[in-house]
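Reviewing the structure listed below.
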Amino acid sequence: MIRMFGIMLGLLLTTQVLAQDDWQQYKSRFITDEGRVIDTGNAGISHSEGQGYGMLLAVANDDAEHFKAMWHWARKTLGRQDLPLFSWKFDPNARPHIADSNNASDGDILIAWALLQGGKKWNNSNYLNASRRIRNAVLDNMVLEYAGYSVLLPGVNGFTGNGYIDINLSYWVMPAIIDFAREDNQVKWQQLADSGQQLLAKAKFGDAQLPADWIRISSSGELHPSPNWPARFSFDAIRIALYFSWANLAQDPGLNSIKLFWQAGGNNPPAWIDVNSSEVAPYAASQGILAIRSVVNGKSVNSQLTAQDDYYSASLLLLSKLAESIHQ
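Here our numbering is used: position 26 in the sequence shown is 7, and no number is missing along the way.
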């Protein structure tokens, strides 16, 4: 069980914890003047996850101007009409730009967490109220009891079937969920965090005993890699180690197999592994993934952002530095 009290997980920082060169590069390369965060490794799309990451980094750097721009873009462009949640993907090269109005619960949580921290840091009640509305919508629409677990649906639509639910453990943004539990005095948030730990302990697949990006929970409580996605420990599941470490859970036994996999890879571990076949990626993990490896092992993240880092690697690198700074 996670102990909430006495653990400071927020971003209420009085000093800028990220190297200014990192933040200046990040802004100039990935954030437009209007506040759209660009996924340069994915055909220039934008998504709710990226807006949340950018907003969190802006809070950490006390950059109220860019925070406001990113929030306004997310609200205006991705905001849904029926719920205070966000469509998950904006494609500047498609018409319409938003073809799928479904949300992604991790993006919603990240934006809500950034608004909570930004509202407190800058004494902005509008941000705080918006965060509260998003949090309530997540609880009401995407947190449910299933097969003995408190489960976070990845989106409002499309992840349930006859006798199963598909989940993504990297959508459990653990430090945010624990902050929400404390802020709202809401047991459902705490139950969700606890189930995240329980599910990670059980999600051990293949020879490497690693969680897959996408996991299917049967009505009887059995866990398997979901057949709807590649059965990989990959670009989603790597974030589990980041979020658990950020929540002061780096010693959780559920992370041991992840640590061993990255340790076995030496200086250049593969970017992913198929948990069924044990096939590994033909290319090495990015600098962002290596930064997560450092954080989960209690080592300093000394790397700086480079021109080789795309949006995702850069985001993971800067977020790893931020997670590290919280516990220094």
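We put the CB at the ideal spot given by N, CA and C, even for glycine.
Query raised in the report: Going by other Cβ atoms of all chains shown within 10 Å of its Cβ, with 16 needed for buried, is Pro208 buried or exposed?
Result: Pro208 counts as exposed, since fewer than 16 other C-beta atoms from the protein chains shown sit within 10 angstroms of its C-beta.
Query raised in the report: If you follow the beta strand (DSSP E) that Arg197 is part of, which residue opens it and which one closes it?
Result: 196 to 199
Requested in this report: Output yes or no for whether 8 Å exceeds the beta carbon distance between Gly25 and Asn74.
Outcome: yes
**Report entry** Contained alpha helix (DSSP H) runs [length at least 4] in the segment 3 to 51, N- to C-terminal order
**Finding:** Here the runs fully enclosed are 29 to 41.
Query raised in the report: Given that a residue counts as buried once 16 or more other Cβ atoms are within 10 Å of its Cβ, and exposed if not, what is Gly247?
Result: exposed
Report task. Compute the beta-carbon to beta-carbon distance between Asn84 and Val137, rounded to the nearest angstrom, for a pair I have assumed lies under 8 Å. Result -> 6 Å
Query - CA-to-CA distance, Phe67 to Leu236, given in whole angstroms - result: 30 Å
Report task. Name the residue from Asn149, Ile148, Gly99, Ile19 whose alpha carbon lies nearest to the alpha carbon of Ser112. Result -> Gly99
Report task. Could you check the C-alpha separation between Ile307 and Asp44 for me, to the nearest Å? Result -> 18 Å
Query raised in the report: So what's Lys185 in DSSP terms, helix, strand or just coil?
Result: coil
Query - When Ser199, Val168, Ala245 are compared against Gly144, the one with the closest alpha-carbon - result: Ser199
Query raised in the report: Where in the segment 233 to 262 do unbroken runs of the alpha helix (DSSP H), each at least 4 residues long, occur, reported from the N-terminal end onward?
Result: 237 to 245
Query - With 16 other Cβ atoms within 10 Å as the buried cut-off, status of Ala228 - result: Under a 10 Å Cβ-count criterion, Ala228 is classified as buried, with 16 or more other Cβ atoms of the shown protein chains found around its own Cβ.
Requested in this report: Using only alpha-carbon positions, find the residue among Arg76, Val256, Gly22 that is nearest to Ala189.
Outcome: With distances taken between Cα atoms, Ala189 lies closest to Val256.
Query raised in the report: With which residues is Thr141 paired in a DSSP beta bridge?
Result: Ile146
Requested in this report: Inspect the CB distances between the segment 191 to 198 and the segment 258 to 269 and report whether three or more fall short of 8 Å.
Outcome: no
Requested in this report: Give the range of the beta strand (DSSP E) segment to which Tyr292 is assigned.
Outcome: Note, Tyr292: premise wrong, no beta strand (DSSP E); alpha helix (DSSP H) at 292 to 307.
Query - Residue from Glu305, Gln285, Leu300, Lys302 with nearest C-alpha to Asp2 - result: Gln285
Report task. Note down the Cα distance separating Leu314 from Ser258, rounded to an integer number of angstroms. Result -> No information on residue 314 is available, as it lies outside the stretch -18 to 309 that the chain covers here.
Query raised in the report: Do you know offhand how far Arg220's Cα is from Asn104's?
Result: 30 Å
Query raised in the report: Can you name the residues that DSSP bridges to Lys70?
Result: His28
Query - Enclosing beta strand (DSSP E) for Glu164 [first to last residue] - result: Here Glu164 belongs to no beta strand (DSSP E); instead the alpha helix (DSSP H) covers 155 to 165.
Query raised in the report: Comparing alpha-carbon positions, which option in Leu59, Trp4, Pro135 lies nearest Gly35?
Result: Trp4
Query - Three-way DSSP call (helix, strand, coil) for Ser131 in this model - result: strand
Query raised in the report: Grouping DSSP H, G and I as helix and E and B as strand, with all else coil, what is Ala265?
Result: Correct three-state label for Ala265: strand.
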